[in-house]
Structures are given as C-alpha cells and as structure tokens.
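Sequential numbering from 150 applies to the sequence shown in the working numbering.
The C-beta atom is built at its ideal place from N, Cα and C for all residues, glycine as well.
Notes for the one structure printed next.
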Amino acid sequence: MDNFNLLLEGFATALRPEYLIFAFLGVLIGTAVGVLPGIGPAMTVALLLPLTMTLDPSAAIITFAGIYYGAMYGGSTTSILLNTPGESATIVTAIEGHKMAKLGRGAAALATAAIGSFVAGTIATLGLTLLAPTLAALAVQLGPADYVALIVIAFITVGALLGNSVWRGMVSLGVGLFIGLMGTDRLSGQQRYTLGIPQLADGVDVVLVAVGLFAVGETIYVASMLRRGKIDLIPLSKGWRSWMTKNDFRRSWKPWLRGTAIGFPIGTIPAGGADVATFLSYATEKKLSKHKHEFGRGAIEGVAGPESANNAAAAGVLVPLLTLGLPTTATAAIILSAFQSYGIQPGPQLFTNQPALVWALIASLYIGNVLLLVLNLPLVGIWVKLLQIPRPYLYAGILTFAAFGAYALNFAVLDILILIVIGLIGYFMRRYGYPIAPLVIGMILGPMAEQRMRLALQLSQGDLTTLVTHPFAATAYAVMAVLIGVGLWLRRRQKRFEQKMAEELAAAPAVDQNSNPQ
C-alpha cells in the first residue's frame, strides 16, 4: 500500500504542468529523432544527453524517460516505410512491416506497432512498478562482495551475449574498462593511463564517450554504407483515420500480449537484449498463427508481436538499472550516466534516498506511453516527411549537433578531439563487428567494480576467497553460468531462425512470380 501511495505522489509530481511539458517534449523529440533512418534509441539518447544538463534532476530524468520510449517506437516507422532498421531489434518489424507497406497497408502496420507499443509499455511499466521496490528491498542487504559478483555478471554476460562473437565482445569490454579507469586513482592519488595529458587527470567524461560512439561513430558508419540515388520511401496510401480493420485488431491483440510476456522477462536479465525477444516473438507468432502463408509477405502478427516484445524489453531493462544500478544494454548505460551526472547513483538506495524522483520517473513512464499513442497515430504524416530529409544533410546535422554538445560540456577544444578519436574507434568497431554496448558498460561499471572490490578486500583483510564464498555471490556466479548457457542457446536458435527465414524470403519472390504468370 505504501508503494501505491508513493506512485500516486509520483503522478502528482509528473502531472505538474512543467514536468508534463518536459515529458511531452521528450516523447516528441525522441520519436522525431528515432524515426530518422539509421538512428536507434541508444544514439538518440546519447545525442540528446547534453541538452538535459541544464535541467533540474526530476525534469531531466522525466525528459529522458520520454526520449527513451519515443526513440524505441520511432524506429518502427523507419523500418516499415523505408526498410531501414535503426537497430537489430527492429529487423523483424522491417521484414513484415515493409511488405505490408508495399501492399498498401502501411497505415495498419504503423497502427498495430503504435498500439502494441502502448499495450506492452503500459503492462511492462506495471511490472516494473510491482517488481522494482521488492528487488530494491532485497538488494539493500547485499555486501561489497555481492556487488562485485553482480557487476562481474554484467561484464561477462553482456560481453559474451551482445554481438556475434564472444571474444570480440570481451575485447570491447576491455577497451571500456581501460577508458573507465583512466584518470586519477582515488586511493593513491596517482594518475594512470592519462598518456601524459594533464587534462585527462579527471578521466574521460562518459557523455563524450556516449556521443562519440553512438552519434559520431554510428553516423560515419551509416554514411559509409549510404545508398546512392533516391530513397525508396513507400508513401501511405490511406489516411490515419483508416488505421486498422476489425480483423486487424482480432489478429493483433493476442500478439500484443504474447510479445509483452516474452519481452519483459528477457529485458530484466542480460540474456541477449531486445533483439532476442523480437525474434522469439516472431517465431512464436509464426508457429501459432492461422495465417502462416502470409509470413514473409506482410503478416500483421509479425509486426504486432515483435514491436510489443521490443517495448516490453525496454521497460524490463529499467528493473536492474533502477534497483541494482546495473545497465544491461547500451541505452541503459547512457541513462545511468545521466543519473550520475546529477550525483545520483541508481541502486537499492535509490528508492530510499530519492523516492520522489524515482516514483515520478515511473509515473512519467505511464504518461509517456499515453502521449506516444496520442502523438504517433495522428502525426504519422509528419514522421513520414522527416524520412525524406536528404541523408547528407541529416548526417552533417548530427555531427554538428554532437560537436556542439561535446564542446558545451567544458568549453574545451580537447573535448572535440576526444570526441573525434572515440568516434573513429566506434566506426572501426562497427565496421569490423565489435559490439559497442560492452565498451560503454565496462567504462561505467569499471570504476564501481574497482571501488567495491577494494572495500570487500579491506573488510576481509585481503582474503580473495571472500569474493566467491558469500552465499549470494556464489549463487550469483552459478546463475551467471546458467544465463550464459541460456543466452548462447537463444543466440544459436536465433541464427538458425534467421537463416531459415532468409531462405524462405529468398524463395518468396519466385513463388509469387510463378503464381502470377501475367
């Protein structure tokens, strides 16, 4: 009952006119930027991170919640109308949604994606509301060695399960740890890994790393893969008032719920991210559907289920972030850095030390979901216009905005140079298949892991066995082994499913051609 009263107080805060405006702007900007081709939620949040530095903590976090949810939805528009997924989690949406758009049913695809996002986001946020306080109450009892175990789990699972190669993920994690430990050692006061540059004594700002990797590096990579010629944008043949038929609703409501049930649990654990949830949802819908022959040719279930799973996983990611301070995706790591920039450390003490802030954040997630539905259905025509921005202008604008944001942090030219260097690192990592998320997570959690480990060893007088003999720590390492096993199994299943789906899609045009000889 106390949590319910706190949630009501959170709504009282989030519904204040000034915070409601920030939530609206966050959803609007997040959707607008997320719609742009080649831009995923992580890049959107990183790009807009410098804008929130002048806001008070509550306004900034509420704005970020809107940006996060808006960007998660925005990618579906790009996938459906342009066949250009902003991230791996929207690949499945592009497969079925783009085929629906080609058949003149783009409005229905966008509508089921919007309503599915609302349903999944609302139910998953309710799960966050119920689960997070309980988990935080349990986490308060954890000691330093237990936290070291949790951080090691985040390192190993994220490094092993994100990306196509385990060793490349671990290399990315190592680079992130190196950057995170750069600066002045708090215990000894000695500088380390500063390369003799005095300005690096305070370390590298996480905002520079986030913007460099996701805005600069990703933009250079996407621009290098730029398709020549006119963008193949499919216009909407019908207005937004003809969203979905009764049959579309009848075929979509069960996938919405099943996608939510699949996405939220996967989002709460580091088991491969939202892309695994979307592929599992797609495979489930294909197996259960009464219209199997439509899959690969524009099945509405293939949009409704994965989009719901994607948004449910996004809400699930906030559970370990808020209760344990552990990000399991790159976007969550950037949101964690936003908290830290205000001197707020997410974790078990957050619900005790900052109850007004955290419950206002949770309330704003409910409000953001409603705003998303209100905005995205009527304004879909405006989002389509954004897709027509010439790519060179778009990417030049992103790079310019990123440079201004980086310079505004400390008004130092060195920050621009660091931004360029990190951007080039991000480009080569994307170019050669190294995942970005382990680098960001390693940079943010590395100093935290060092601090907790030192405290644990001080309490045990240097006994290393204390790191693995605590009951919770030992259980956590056992769970880690299970998570890695399950995650790798899901990855193998996903790859087999992708291969099978690619073969079916390759055969589909030939079948269509044979069936229409004229």
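Query raised in the report: Taking M602 as the reference, which of D295, A625, V355 and A372 has the closest Cα?
Result: D295
Query raised in the report: Would DSSP call Q489 helix, strand or coil?
Result: helix
Report task. Rank S373, T227, A257 and V570 by C-alpha distance to the C-alpha of F398 and give the top, closest one. Result -> A257
**Report entry** Inter-residue spacing [alpha-carbon to alpha-carbon] between A598 and I210
**Finding:** 25 Å
Query raised in the report: Who are R341's beta bridge partners in DSSP?
Result: G332
**Report entry** Proximity of I593 and A463 at Cβ, strictly below 8 Å
**Finding:** no
Query raised in the report: Near V289, which residues of its chain fall below 8 Å by C-beta distance, leaving aside the five closest residues on each side in sequence?
Result: P497, Q498 and T501
Query raised in the report: Taking just the CA atoms, how far does L156 sit from G511?
Result: Correcting the residue type first, residue 511 is Ile in the shown sequence and not Gly. One C-alpha to the other measures close to 8 Å.
Query raised in the report: Would you say G265 and G223 are within 8 Å of each other, going by their C-beta atoms?
Result: no
Query raised in the report: Got a sec? Which residues, its chain only, sit under 7 Å from V507 by beta carbon, not counting five neighbours each side?
Result: L471, L499 and F500
**Report entry** N-terminal and C-terminal residue of the alpha helix (DSSP H) that S228 is part of
**Finding:** P206 to L231
Query raised in the report: Are T433 and I411 close, meaning C-beta to C-beta below 8 Å?
Result: yes
Requested in this report: Give the DSSP-derived three-state secondary structure of G323 in the structure shown.
Outcome: helix
**Report entry** Beta-carbon spacing of A423, A269 below 8 Å
**Finding:** no
Report task. Return the residue from the list T417, A250, V297 and T212 that minimises the CA-CA distance to G447. Result -> A250
Query raised in the report: Are A220 and N232 closer than 8 Å when you measure CB to CB?
Result: no
Report task. Please state whether DSSP places P584 in a helix, a strand or coil. Result -> coil
Query raised in the report: In three-state DSSP terms, what is L157?
Result: helix
Query raised in the report: Which class does K668 belong to by DSSP, given the choice of helix, strand or coil?
Result: Beyond the ends of the chain as shown, which are 150 and 667, falls residue 668; an answer cannot be given.
Query raised in the report: Hey, would you say the C-beta of L473 is under 7 Å away from at least one heavy atom of the ligand GTP?
Result: For the structure depicted, the ligand GTP is absent and the ligand set is empty, with no information on it obtainable.
Requested in this report: Let me know the secondary structure DSSP gives D397 once reduced to three states.
Outcome: helix
Query raised in the report: What three-state label does DSSP hand L406 in the structure shown?
Result: helix
Query - the region 274-283 touching the region 530-547, judged by at least three CB pairs closer than 8 Å - result: no
Requested in this report: Check whether the region 514-531 touches the region 323-331, taking contact to mean three or more Cβ pairs, one atom from each stretch, closer than 8 Å.
Outcome: no
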